[in-house]
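There are 2 protein chains.
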Amino acid sequence: MTAQAYVALSPETMADRLGALPVLVDRVGPPQSWQVREVGDGNLNLVFIVKGSAGQAIVKQALPYVRLVGESWPLPLKRSFFEYNALIRQAARDPGSVPDVWHFDEAQAIVVMEFLTPHVILRHALVEGRQVSGLGERLGKFCARTLFRGSDLSMKPAERKADLAMFAGNVELCDITENLVFSDPYFDAEMNRHTPGLEGIVARLRADLSLKVAAQHLKMAFTSRAETMLHGDLHTGSVMVTDTETKVIDPEFATYGPIGFDVGMLLANFLMAHLSQPGHEKGPGDRAGQQDWLLSVVTTIWENFVTEFSHLWRTERRGILYQASLYENQGHGLASEQALNDLLGQIWRDTLGFCGVEMHRRILGLAHNADFERIADEGRRAACEARALAMGRQLMLGAGVIPSITTVTDMARRMDKENHL
Amino acid sequence: MTAQAYVALSPETMADRLGALPVLVDRVGPPQSWQVREVGDGNLNLVFIVKGSAGQAIVKQALPYVRLVGESWPLPLKRSFFEYNALIRQAARDPGSVPDVWHFDEAQAIVVMEFLTPHVILRHALVEGRQVSGLGERLGKFCARTLFRGSDLSMKPAERKADLAMFAGNVELCDITENLVFSDPYFDAEMNRHTPGLEGIVARLRADLSLKVAAQHLKMAFTSRAETMLHGDLHTGSVMVTDTETKVIDPEFATYGPIGFDVGMLLANFLMAHLSQPGHEKGPGDRAGQQDWLLSVVTTIWENFVTEFSHLWRTERRGILYQASLYENQGHGLASEQALNDLLGQIWRDTLGFCGVEMHRRILGLAHNADFERIADEGRRAACEARALAMGRQLMLGAGVIPSITTVTDMARRMDKENHL
């Protein structure tokens, strides 16, 4: 099949197309038993659940265009190749953190993988007011392990450079990030949209020269600081959960970039979830507990990231940077701790900046998030979004001086009580 | 010939091997007229001058090992591919700055190029006390043009990412820089050597934890901050001059890295030339004029770099970073100037750091430089080198606070009068 020209799958053709695949017959059952549903609700791809007599599988196939927009916005199939390569690396770097990949067909842009059940998309769970035990720990460790182990702190230089070169081919998905995240929100770009009522704060943000400078510094960091393999799109829509389990999906935006990018984007989505909660209240204050929990997750993600990153630094620093031969082996273990502190400081500042940008682009750009979008009342939605916009600015411009994650969660609590329209 | 297995050239085989090459017959003359000399004095390659009835050419061929060390240190032939690709990019980005390339044979690792005459290696000229008019202007502009035009400030993103990926293949030459520049000088590494008498200052540097941390931060910047295509080895031995002309050669270490790397390495070599001059005096103070001139070149390189980089920023910023659509086109030209100031500030801090590292590794590591090596008297040499070591430390640890190039040249003048043994 690999040699055949690309054809998009459909529920009707699934058994014919993939019915001979041993791994599917083994784990799902004979193709005669298959029931197939297309369930993709993302912006880009086809996603099928294949259910058979023996089990279920996910079949994800890239389309040669952006699903959200249509054939007028072509997008290369090779993103499937990058997703596959990111998934197998994440699985090796943080075992159990991502779905098991069972099969990859590069020409057909198909990844066949484990069907996660009864998992749901985290963002939907958060909108509904659900909580997930162990969430912050799991995500903080995922960031630390995948980001540490994809860098020159851990990898052999030739392997890291080969991966850097490979993922540099993910041009078109990086282009989406480069434009939609870092530039479009800060001027009146064609694909932007925002909730009516935000005009005042939008005008103030777009007139804020220091903010526009900070956004482009972050863009330059994203395009040039090839520190590690990023997930590249690590928001709460890229996480699937049960009440007790967490899996990360959809790394097709994977590229080499700054360690703080994934962490910042992730924290931003929890802060937006927090600030969106008043829009989902049925009665005054009935989301207060959920809001507290969301901020506790922000703290837990960051603290687990730092703890795990520091642990890996002290136990697995086998790359070419900050070598033990130079530090510990010379009796200079304190230099290693000094360097770790410096690096965590840099990652912290980056995290805050990327966090702020993500809060802006989800409200001002093309790709909005359900946390705000599902607030039916436009006035309430705008009020929540304005707080997120104001907070995003404060994070970006305060990145160099904000001392701790507590300052960030305190800021979120304060913003939640203020009017920024 | 391309399909044949690699064979090292010799003066005797040159006419047989390259005699049918039209560009050589045209520009050098028929092979019967050729006289061939091997003149390589670098650490890595074979270099031949081919002289014929019509002209001369340089034939440079990589050896499959490090010439300086021998076959025990293998080094891949593909460095010739990176040198060729860097040369044609530098020629396009700063016309006239590098020798014209006439022919490239990837399988034989041969670059045939213009013979520069009566040019000499700049380092030798500096040791002899010679001056070159226009040197600082030429080198400052070379840095600004090649570094700006190889970055996301100028290139199309897909082209920049393709070049990033290609040069990421230059693993083995990067490995030399990564080890010999950033790590070996800071501990008792096997290939190190230094002038007797330096033991005291060497011990102090290697016990300086903050310095060892700074060196590794710079190493991480070198390996991860893929801002632009670097020359990668831009010292005074990679520059050929007449009294009035300057050409840059030997970019086989080319890779994507931080803009400040080339600039810092270049300034370091002029500062070392300055600090080495007392070792070349025939009578007290007879190199004072040369010292003043060398520091004026340091100033001129930096000032021309800033002026030209700023000019390109204002007139050629057509990449995806700091777009005019976001700044000038919105009436926010001041944001563009603010961003330029920030970026130049970052480049300045990087430059100072890399400058300091280069001053250390040329005295403590494997590859020393003629500026100091040609000082026959070991005591005088050690005194000069100690000043450079002390200054290197001050630049690395002061990178965040040193306000101007004048502070740097003043520091060099002061160091020159002090005893740092």
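Top line first, the protein sequences correspond to chains A and B.
Using the numbering used here, the first residue of the first sequence is number -11, and each one after it goes up by one.
Using the numbering used here, the first residue of the second sequence is number -11, and each one after it goes up by one.
In this text, a Cβ means the ideal position worked out from N, Cα and C, and glycines have one as well.
Just so it is clear, the structure is predicted and the values come from calculations on it, not from any experiment.
- Apart from sequence neighbours up to five positions away, the residues of its chain that approach residue 81 of chain B with a beta-carbon distance below 7 Å are 133, 134, 137, 138, ordered along the chain.
- Residue 211 of chain A is classed as buried because its beta carbon has at least 16 other beta carbons within 10 Å across all chains shown.
- Secondary structure of residue 182 of chain A (DSSP, three-state): coil.
- Around the beta-carbon of residue 239 of chain A, 16 or more other beta-carbon atoms lie within 10 Å, marking it buried.
- With respect to the C-alpha of residue 187 of chain B, the residue from B:197, B:175, B:198 having the closest C-alpha is B:175.
- The C-beta of residue 283 of chain B has 16 or more other C-beta atoms within 10 Å across all chains shown, which makes the residue buried.
- Taking a C-beta distance under 8 Å as the contact criterion, residue 16 of chain A and residue 27 of chain A do not qualify as a contact pair.
- Linking residue 149 of chain A to residue 218 of chain B through their CA atoms gives a straight-line distance of about 16 Å.
- With respect to residue 404 of chain A, residue 375 of chain A sits close: the two C-beta atoms are nearer than 8 Å.
- Taking a C-beta distance under 8 Å as the contact criterion, residue 381 of chain A and residue 141 of chain A do not qualify as a contact pair.
- Residues of the same chain with a CB within less than 8 Å of the CB of residue 409 of chain A, apart from the 5 flanking positions on each side, are 185, 186, 188, 189, 370, 371, 374 in chain order.
- At least 8 Å separates the beta-carbon of residue 61 of chain A from that of residue 39 of chain A.
- Rounded to whole angstroms, the Cβ separation of residue 117 of chain B and residue 275 of chain B is 6 Å, and the two are in contact under 8 Å.
- Remark: C-beta atoms of residue 145 of chain A and residue 159 of chain B approach each other more closely than 8 Å.
- Among the residues of chain B, none has a CB under 7 Å from the CB of residue 190 of chain A; the nearest is roughly 13 Å distant.
- In this structure residue 200 of chain A is buried. Its beta-carbon is surrounded by 16 or more other beta-carbon atoms within 10 angstroms.
- Residue 228 of chain A is bridged by DSSP to A:109, A:235.
- Under the Cβ criterion (8 Å, minimum of three pairs), the stretch 316 to 332 of chain A counts as touching the stretch 290 to 299 of chain A.
- For the options A:83, A:103, A:63, A:56, the alpha carbon positioned closest to that of residue 48 of chain A is the one of A:103.
- Residues of the stretch 348 to 371 of chain A with a Cβ closer than 7 Å to any Cβ of chain B: none.
- The criterion of a C-beta distance shorter than 8 Å is satisfied by residue 198 of chain A and residue 385 of chain A.
- When only Cα atoms are considered, residue 261 of chain A and residue 286 of chain A end up about 11 Å apart.
- DSSP places residue 154 of chain B inside the alpha helix (DSSP H), whose first and last residues are 145 to 155.
- The shortest CA-to-CA distance from residue 281 of chain B to any of B:358, B:270, B:265 is the one to B:265.
- The bridge partners DSSP lists for residue 24 of chain B are B:38.
- Interface residue (Cβ-Cβ distance to chain B less than 8 Å): residue 240 of chain A is not classified as such.
- DSSP, reduced to helix, strand and coil, places residue 119 of chain B outside both helices and strands of the structure shown, so it counts as coil.
- Residues of chain A with a Cβ closer than 9 Å to the Cβ of residue 157 of chain B are, in chain order, 149, 150, 153.
- The beta carbons of residue 220 of chain B and residue 341 of chain B sit about 16 Å from each other, so the pair does not count as a contact at 8 Å.
- Put simply, the CB of residue 93 of chain B is far from chain A, with every gap to its CB atoms at 8 Å or more.
- For the stretch 166 to 191 of chain A, residues whose beta-carbon sits nearer than 7 Å to a beta-carbon of chain B comprise 166, 171, 174, 175.
- Within the stretch 37 to 60 of chain B, contact with chain A at the beta-carbon level (separation under 7 Å) is assigned to no residue.
- The beta strand (DSSP E) runs lying completely inside the stretch 45 to 104 of chain A and spanning 3 residues or more are 58 to 62, 89 to 93, 98 to 102, given in chain order.
- With fewer than 16 other Cβ atoms from the protein chains shown falling within 10 Å of its own Cβ, residue 402 of chain A counts as exposed.
- In the DSSP annotation of this structure, residue 218 of chain A is not part of any alpha helix (DSSP H); the continuous beta strand (DSSP E) holding it starts and ends at 216 to 218.
- Chain-order list of chain A residues neighbouring residue 377 of chain B: empty, with the shortest C-beta distance near 17 Å, by a criterion of under 8 Å.
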